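Below is one structure, written out as structure tokens; the observations come after it.
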Amino acid sequence: MKKIIYSLSLLSVMFGCKTSQKLSNITPQPVVVKMDLVNVVDDQVKVTVDPGKFTEDQTTFYIPKTVPGTYSIDNYGEFIENLKAYDYLGNELLVAKTDENSWLIDNATQLDKVTYYVNDSFDMEGEKGVFSPSGTNIDKDKNFMLNLHGFVGYFKNLTEQPYELLIKRPEGLTPGTSLMAANSSPDKVSPKTMVDLFKASRYFEITDQPIMYAKPDTAYINIKGMRVLLDVYSPNGVHSAKEIKPEIEKMVTAQKNFLGDIDKTANYAIILYLADPNLLDAKGYGALEHHTSTVVVLPETMPLDKLNQSMTDVVSHEFFHILTPLSVHSNEIHYFDYNDPKMSEHLWMYEGVTEYFANLFQSNQDLIGNDEFYGRISEKIESSKNFNDTIPFTVMSRNILEEPYKNDYYNVYQKGALIGMSLDIKLRELSDGKTGILDLMSKLSQKYGKDTPFKDEELIPTIVSLTYPEIQDFFDTYVTGTTPIPYEEFLEIVGLEFSEQEIETSFFINGRVPYIDGNPENMSLFFRKGIKLNSFFKELGVENGDVIKTVNGASYNIQNAYDLVMASQNWKEGENFTMVVERDGKEISFQGKIFTPKDMKVTLGAKELPADSKAVMLRKAWLKG
């Protein structure tokens, strides 16, 4: 998600007259992948891929350019070194690298296997722009974060073939994953070494089920037929699965209660990597969803209460992806093209509705009060104003990897969630409170399911057929159309109204809305454009777009942005403050005294209405279902 991150002329002479690859009608064996986590050399893991038999002269081997859920071009091939292809006699075959992620292999009828070495992203400066939860870690005898799209490649036209993954690992490290091991046995050659065998029906299942190897620090949660694994890596032992489990159990229980009979997932894995901010380690904090697991990366220095709140916010979002895209998704996702991706137009559902549920369920299950939920909705409305509100959301989704749309990606969590909210309220209004968007997702899950994708253009007509004719107007106007959503009108249906008041804020965050952002291309931090700054920075003379160079003498960028936010929480009234920024290529210095920043906040609250009014009835149905 979010952070974006990574000689043809000679080739034409070498291969210009060759035919394209064709597969034999029968593939007698799966693609077999071997990974060696024991003999790690120069912080690299060796990978071997055996594709079986080819019948034509050429094939292409790929490492993903992008993966589902990231909506960014990351070029994982840039982490690959020394790729070689061998025939059945052990001789090297001719290989030509055609771009960052592709290798053309000659004489493929004799191809036995390819081998290569993988570098990890966590300990590279800037992580080459890869968002940490989709990145990789190689720390010999301590930790291996195997987001497998960074390790395992695929051959052209073989993504739908079965895969077998053999991982050789030290016996003291155990796998945390939702991918069930078919076998685990001692290595016949190396002492104190185990070999784990995982099987998958196709390449997508390999990339969709990350594995973290570390010394075991796990907890299990069993809730209504679902077994949830919590697997934690805390390098300095600051946190443990045991202390994090209670809040996770509370959250997952609430989610299961909210979903009711919709969810049939039997196993789920929450893989938590706690990074050491003092080292060259993962810096992109957040989570990446998978169908039956999520990878979370957070700083190890985070206090337990804040860690628990962050886990609730980010993991609850990822967990709801078991509805969409797991159970409801288009061809573009089901048959994802890792190196020439075609994006679906329905990010409003995949990410927007998911984000909406991640907040609604907390109110529905009394994890937060209604006022807190209203506040989150209000913040999303204010944050969405930083983006062009007239771009059809479907157009933005289809083109999310391209300029200028990729800069609007954050809006899928803002306006996308608000589309879900508005649709939910409209469905409640039309049904007199009886059904909402959760009921709609249940019907879509029953119609499609994880093995039956839909065509993009079919989804909205299907939704209309399952609901009301008026819903066609909703999509035509606010989702595929250019009209901004009149949130005041939708929220009035459930008896809510807006007001404005002055509040105290943090220095760099107003509630859940940050005043600063980062540029992954040059790792700089800057004050966001299109947003009002708080009173402290206004009085200093800071302007939107100013790039932060130093604060109180310390340098800051994307990698230590969290340190800046945490440091600001300890600033005291009256203390001296200095900051250097860059504006229009020139450095500007600011000096002043610390004082509590304030800002104007638009708040959302309930109107005073009779308890038996239709608006109050619909609000109860909307929030409590």
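The sequence shown maps to residues 0 to 624 in numbering that gives the first Met the number 0. Where is the CB? At the ideal position from N, CA and C, for every residue including glycine. All values reported here derive from a predicted model rather than from experimental measurement.
Beta-bridge annotation (DSSP): arginine 168 is paired with Met193. Here alanine 553 is exposed: its Cβ has fewer than 16 other Cβ atoms, across all protein chains shown, within 10 Å.
Contact between the stretch 156-170 and the stretch 100-118 is not established, with fewer than three Cβ pairs separated by less than 8 Å.
Per DSSP, asparagine 256 is one residue of the alpha helix (DSSP H) stretching across 240-258. Sequence-distant Cβ neighbours of tyrosine 284 in its own chain, meaning closer than 6 Å and more than five residues away, are Val296, Leu297. Taking asparagine 410 as the centre and dropping the five residues before and after it, the same chain places the C-beta of Ser383, Phe386 closer than 7 Å to its C-beta, in chain order. Within the same chain, Cβ atoms closer than 7 Å to the Cβ of lysine 223 are found at Lys255, the five residues on either side in sequence being excluded.
Note on geometry: alpha-carbon atoms of glutamate 124 and leucine 279 lie some 7 Å from one another. In this structure, Gly76 is the residue among Phe372, Thr481, Ile270, Gly76 with its C-alpha nearest to the C-alpha of asparagine 338. In this structure, the alpha-carbon of isoleucine 269 lies about 41 Å from that of threonine 577.
Fewer than three pairs of CB atoms, one per stretch, sit closer than 8 Å, so the stretch 345-358 makes no contact with the stretch 93-107.
One thing to note: lysine 528 has its Cβ within 7 Å of the Cβ of glycine 544. Straight through space, the alpha carbons of asparagine 398 and threonine 389 are spaced by roughly 15 Å. Judged by their CB atoms, lysine 127 and valine 39 are not nearer to each other than the 7 Å cut-off. In the DSSP annotation of this structure, the continuous segment of the beta strand (DSSP E) that includes histidine 289 starts and ends at 285-289. Annotated three-state conformation of tryptophan 570 is coil, per DSSP.
When DSSP reads this structure, proline 513 sits in a beta bridge with Ile508.
In the DSSP assignment, tyrosine 61 falls within the unbroken beta strand (DSSP E) covering 57-61. In the three-state scheme derived from DSSP, where H, G and I count as helix and E and B as strand, alanine 199 is classed as strand.
Of the candidates Phe507, Pro452, Asp260, the residue whose Cα lies closest to the Cα of valine 550 is Phe507. Distance between proline 209 and proline 50, taken at the CA atoms: about 21 Å. Per DSSP, reduced to three states, the secondary structure at phenylalanine 453 is strand. In the three-state reduction of the DSSP assignment, isoleucine 530 falls in the coil class. If you ignore the 5 residues before and after arginine 375, its C-beta comes within less than 6 Å of the C-beta of Asn358, all in its own chain and listed in chain order. With at least 16 other beta carbons inside 10 angstroms of its own, arginine 427 counts as buried.
Between methionine 211 and glycine 175 a beta carbon distance of about 5 Å is seen, short of the 8 Å cut, so the two are scored as contacting. By the neighbour-count criterion, in which a residue is buried when 16 or more other Cβ atoms sit within 10 angstroms of its Cβ, methionine 599 is exposed. Annotated three-state conformation of isoleucine 79 is strand, per DSSP. In the structure shown, the three-state DSSP call for asparagine 182 is strand.
Counting along the chain, the unbroken alpha helix (DSSP H) around methionine 420 starts and ends at 414-429.
Taking C-beta separations shorter than 8 Å and ignoring five residues to either side along the sequence, the partners of proline 391 in its chain run Val478, Thr479, Gly480, Thr481, following chain order.
In the DSSP assignment, glycine 591 is bridged to Phe576. Methionine 395: member of the alpha helix (DSSP H) spanning 392-397, first to last residue. The stretch 487-503 makes contact with the stretch 602-620, as at least three CB pairs between them are under 8 Å. With fewer than 16 other Cβ atoms inside 10 Å of its own Cβ, leucine 303 counts as exposed. In the DSSP secondary-structure assignment, methionine 348 is not bridged to any residue.
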